[in-house]
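What follows is one structure encoded as structure tokens, with my remarks underneath.
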Amino acid sequence: MPQLSQITTSPTLTFDALTAGDPGAPLVLLLHGFAESMHCWRAQVSALAAAGYRAVAPSQRGYSPGARPDTRDTANYHIDRLMDDAMAIVAASGYGDQRFHLVGHDWGGSIAWALADRFADRVASLTVLSRPHPNAFNRALQVTDGEQAQRSRHHKAFLEPDAADVVLADDAKWLRERLAANGVPASAITQHLAVLGNKDAMEAALAWYRARGAIRGPLGPIRVPTLYIWGDADDTVGRTAAEGTVDFVAAPYRFEVLPGVGHFAADQVPDRVSELLLAQVAAYPV
Numbered sequence: 027m028p029q030l031s032q033i034t035t036s037p038t039l040t041f042d043a044l045t046a047g048d049p050g051a052p053l054v055l056l057l058h059g060f061a062e063s064m065h066c067w068r069a070q071v072s073a074l075a076a077a078g079y080r081a082v083a084p085s086q087r088g089y090s091p092g093a094r095p096d097t098r099d100t101a102n103y104h105i106d107r108l109m110d111d112a113m114a115i116v117a118a119s120g121y122g123d124q125r126f127h128l129v130g131h132d133w134g135g136s137i138a139w140a141l142a143d144r145f146a147d148r149v150a151s152l153t154v155l156s157r158p159h160p161n162a163f164n165r166a167l168q169v170t171d172g173e174q175a176q177r178s179r180h181h182k183a184f185l186e187p188d189a190a191d192v193v194l195a196d197d198a199k200w201l202r203e204r205l206a207a208n209g210v211p212a213s214a215i216t217q218h219l220a221v222l223g224n225k226d227a228m229e230a231a232l233a234w235y236r237a238r239g240a241i242r243g244p245l246g247p248i249r250v251p252t253l254y255i256w257g258d259a260d261d262t263v264g265r266t267a268a269e270g271t272v273d274f275v276a277a278p279y280r281f282e283v284l285p286g287v288g289h290f291a292a293d294q295v296p297d298r299v300s301e302l303l304l305a306q307v308a309a310y311p312v
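So the number in this note's numbering is just where the residue sits in the sequence shown, counting from 1, plus 26.
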């Protein structure tokens with residue numbers, strides 16, 4: 027069973043994390059996205075540990091109360107800081123300069139793509155859920171009359187000063203309805219709201235968007251063996267961006283489409299995601 031741990035990377039940053047598996051076993055780092063929490067990886071953390079891996083799924087910057095810098099300075103939440111956190115968590119977990127497996131969903135996927143680009147020598151395998159390669163995503167956004175701009179329109183709403191109040195209004199109705207519409211079980215929604223369902227945490231989560239830290243410059247080509255998982259019922263990522271990801275990976279690549287699955291695949295079909303992830307990490311040992 028996953029354990030709730032704390033990982034301190036600096037005097038001002040202590041991250042909550044779900045961990046399982048023997049320390050020193052091959053490391054798998056799992057990065058969550060919005061609007062979820064580290065709990066989205068509970069099934070995968072258990073499956074990885076049972077297969078002989080050390081799984082670490084941190085509650086990332088702003089989501090962890092002990093790692094929540096001032097949201098009024100959005101530079102604290104730029105993607106470079108989020109990347110720094112991930113590598114610091116690897117080191118603080120006892121893996122120094124060792125290679126490790128990397129997994130990310132949504133915003134965590136954006137971080138994972140960037141880490142694989144910058145630290146290809148450290149990342150043994152990459153698994154990304156939902157979030158396409160940034161180059162493919164940005165290309166799809168620029169298509170005239172394309173669907174991706176419409177699917178991503180909520181990003182602009184998150185920049186409004188009252189966005190946290192809107193998302194949390196009426197017992198977080200917007201958030202509950204969005205997660206439920208994507209097949210997230212009620213028990214998982216409760217776990218995510220235990221992390222995100224307060225004003226301080228939500229302001230910090232939205233600061234990721236307000237930092238304007240999305241990857242705008244071109245990355246890649248990614249030179250890490252990559253598994254990209256996309257549900258064809260994802261309401262935020264269209265087929266053009268998903269299928270276009272192959273153009274930006276110069277390494278063994280697998281594109282797995284999950285029929286009828288929405289944006290939050292790890293919560294909606296945890297057994298299938300675990301099956302795919304275990305095959306990926308086993309194929310590319312550290």
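Beta carbons are placed, not taken as given, at the ideal position from N, Cα and C, and that holds for glycine.
In this text, all values refer to a predicted model and were calculated from it rather than measured experimentally.
Which of helix, strand or coil DSSP assigns to residue i
| i | result |
| --- | --- |
| Glu-186 | coil |
| Ala-291 | helix |
| Glu-62 | coil |
| Gly-50 | coil |
| Tyr-235 | helix |
| Phe-281 | strand |
| Arg-147 | One point to set straight first is that residue 147 is Asp, not Arg, in the sequence displayed. Note: Asp-147 maps to coil in three-state DSSP. |
| Pro-158 | coil |
| Ser-31 | strand |
| Ala-43 | strand |
| Tyr-121 | helix |
| Thr-262 | coil |
| Thr-97 | coil |
| Pro-296 | helix |
| Gly-92 | helix |
| Gly-223 | coil |
| Ala-83 | strand |
| Val-250 | coil |
| Thr-38 | coil |
| Gly-209 | coil |
| Val-312 | coil |
| Gly-257 | strand |
| His-127 | strand |
| Val-192 | helix |
| Val-272 | helix |
| Leu-141 | helix |
| Leu-378 | Outside the shown range of the chain (27 to 312) lies residue 378, about which nothing can therefore be said. |
Residue i classed as buried or exposed, judged by whether at least 16 other C-beta atoms fall within 10 angstroms
| i | result |
| --- | --- |
| Glu-203 | exposed |
| Gly-288 | buried |
| Val-275 | buried |
| Asp-226 | exposed |
| Arg-165 | buried |
| Met-27 | exposed |
| Gly-78 | exposed |
| Pro-187 | exposed |
| Asp-132 | buried |
| Ala-214 | buried |
| Val-283 | exposed |
| Val-169 | exposed |
| Ser-36 | exposed |
| Gln-29 | exposed |
Beta carbon of residue i nearer than 7 Å to that of residue j
| i | j | result |
| --- | --- | --- |
| Leu-303 | Gln-70 | yes |
| Leu-341 | Ala-198 | The structure shown has nothing for residue 341, since the chain only spans 27 to 312. |
| Ala-146 | Val-250 | yes |
| Ala-267 | Met-228 | no |
| Arg-236 | Thr-100 | yes |
| Gly-47 | Ala-81 | yes |
| Ala-230 | Thr-97 | yes |
| Ala-93 | Tyr-310 | no |
| His-104 | Gln-217 | no |
| Val-129 | Leu-245 | no |
| Ser-300 | Ala-51 | no |
Cβ-Cβ separation, residue j to residue i (assumed contact under 8 Å), whole Å
| i | j | result |
| --- | --- | --- |
| Val-307 | His-127 | 5 Å |
| Ser-63 | Ser-85 | 6 Å |
| Leu-232 | Phe-163 | Not quite, the Cβ-Cβ distance comes to about 20 Å (not below 8 Å), so this is no contact. |
| Ala-140 | Ile-248 | The pair is not a contact, with the Cβ atoms about 10 Å apart (cut-off 8 Å). |
| Ala-292 | Leu-201 | So it is not a contact: roughly 17 Å between Cβ atoms. |
| Val-312 | Arg-125 | 4 Å |
| Phe-290 | Asn-208 | 5 Å |
| Pro-296 | Asp-258 | With 8 Å as the limit, Pro-296 and Asp-258 do not qualify as a contact, their Cβ atoms being about 18 Å apart. |
| Gln-294 | Val-210 | 6 Å |
TODO: Indicate whether the contact test is met: 3 or more Cβ pairs, each with one atom in the segment 255-273 and one in the segment 149-161, closer than 8 Å.
DONE: yes
TODO: Would you check if the segment 37-44 and the segment 72-89 touch, i.e. whether three or more CB-CB distances between them fall below 8 Å?
DONE: yes
Task: Stretch pair the segment 89-100 + the segment 112-119: three plus CB contacts closer than 8 Å - done: no
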